[in-house]
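Undergrad: Protein chains in written order, with the working numbering: chain A, 133 to 222; chain B, 133 to 222.
Protein chains: 2
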Amino acid sequence: MGVQKTIKALSDPIRREILELLKAGRLPAGEISNHFPVSGAAISKHLSILREADLIRDTREGKYIYYELNTSVLEEVMLWISGLKGEKHD
Amino acid sequence: MGVQKTIKALSDPIRREILELLKAGRLPAGEISNHFPVSGAAISKHLSILREADLIRDTREGKYIYYELNTSVLEEVMLWISGLKGEKHD
DNA sequence: CTTTCATTTAACCTTTTGGTTAAATATAGT
DNA sequence: ACTATATTTAACCAAAAGGTTAAATGAAAG
Numbered sequence: 133m134g135v136q137k138t139i140k141a142l143s144d145p146i147r148r149e150i151l152e153l154l155k156a157g158r159l160p161a162g163e164i165s166n167h168f169p170v171s172g173a174a175i176s177k178h179l180s181i182l183r184e185a186d187l188i189r190d191t192r193e194g195k196y197i198y199y200e201l202n203t204s205v206l207e208e209v210m211l212w213i214s215g216l217k218g219e220k221h222d
Numbered sequence: 133m134g135v136q137k138t139i140k141a142l143s144d145p146i147r148r149e150i151l152e153l154l155k156a157g158r159l160p161a162g163e164i165s166n167h168f169p170v171s172g173a174a175i176s177k178h179l180s181i182l183r184e185a186d187l188i189r190d191t192r193e194g195k196y197i198y199y200e201l202n203t204s205v206l207e208e209v210m211l212w213i214s215g216l217k218g219e220k221h222d
């Protein structure tokens, strides 16, 4: 919980790319992995960091584990940034 | 340049606290340093990372170096996040 | 021009991060 | 039960991050 875990998760470029991939829709881990020049194990760790931060959710379906984006936790980050900018929000 | 450097700079809690401090107005390095339980050298390094990311600007005034917040680069981060959330923006 | 104060830089150390390969786990198909 | 496929976990490693203390720099004051 908290903005710390969220921003930390966002601070790696591969993890941000994963989120961008998932913007288009849910994907199994293997599909995600294919998009990057690192091992499946490395991607699996990135996924678990994103999941810990609740930026993604996973559901097993047979052999595959599908990942999908969860943007709700980004709200907190937006608010923190807005706060810095001295913006009013309702 | 780029959202990467900005988010990386934001990913440390001390650096975020520094930005929050500066929200209230410009402060010399020493004043900033006083708020944290780490050495001045450590704070100096944090300041240089924030400066590299253009999240703060510094101006020397006599013996002191004043730091002030620059929120303009946060716009890009907001846009990136909004993009993930699939939001329309003008 | 030397001393003092504010700050940064250098050298160093420990922990964290992100990667690898190999082994483990889970499910499906034969 | 065995085999193949998808994914994670374990063990390990190199590089990056964040901290420390000590030395260097810059400006002001004696």
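Note that the Cβ used here is the ideal one computed from N, Cα and C, for glycine as well.
1. Examine chain A for any beta-carbon lying closer than 8 Å to the beta-carbon of residue 159 of chain B, and answer yes or no.
2. Taking residue 180 of chain B as the query, report the chain A residues whose CB atoms sit under 8 Å from its CB, ordered along the chain.
3. Check the C-beta distance from residue 161 of chain A over to residue 142 of chain A and give it rounded, since I have them as a contact under 8 Å.
4. Mind listing the chain B neighbours of residue 210 of chain A? Cutoff is C-beta to C-beta under 7 Å, in chain order.
5. Tell me, which residues are paired with residue 189 of chain A by DSSP?
6. In or out: residue 196 of chain A buried (at least 16 other Cβ within 10 Å) or exposed?
7. Given that a residue counts as buried once 16 or more other Cβ atoms are within 10 Å of its Cβ, and exposed if not, what is residue 148 of chain A?
TA: From the atom records:
1. Locating residue 159 of chain B in the second sequence gives position 27, counting from the first residue. No, residue 159 of chain B does not count as interfacial toward chain A.
2. As a position in the second sequence, residue 180 of chain B is number 48, starting the count at 1. Within 8 Å Cβ-Cβ: nothing; residue 180 of chain B doesn't reach chain A, min ~18 Å.
3. The residue given as residue 161 of chain A occupies position 29 in the first sequence. The residue given as residue 142 of chain A occupies position 10 in the first sequence. Between residue 142 of chain A and residue 161 of chain A the Cβ distance is about 20 Å, and since that is not below 8 Å, they are no contact.
4. Indexing the first sequence from 1 puts residue 210 of chain A at position 78. 210 and 213, listed in chain order.
5. By one-based count along the first sequence, residue 189 of chain A stands at place 57. BP columns for residue 189 of chain A point to A:200.
6. As a first step, residue 196 of chain A must be located in the first sequence, where it is residue number 64. Exposed, since its Cβ has fewer than 16 Cβ neighbours within 10 Å.
7. By 1-based counting over the first sequence, the position of residue 148 of chain A is 16. Answer is buried; the Cβ neighbour count reaches 16.
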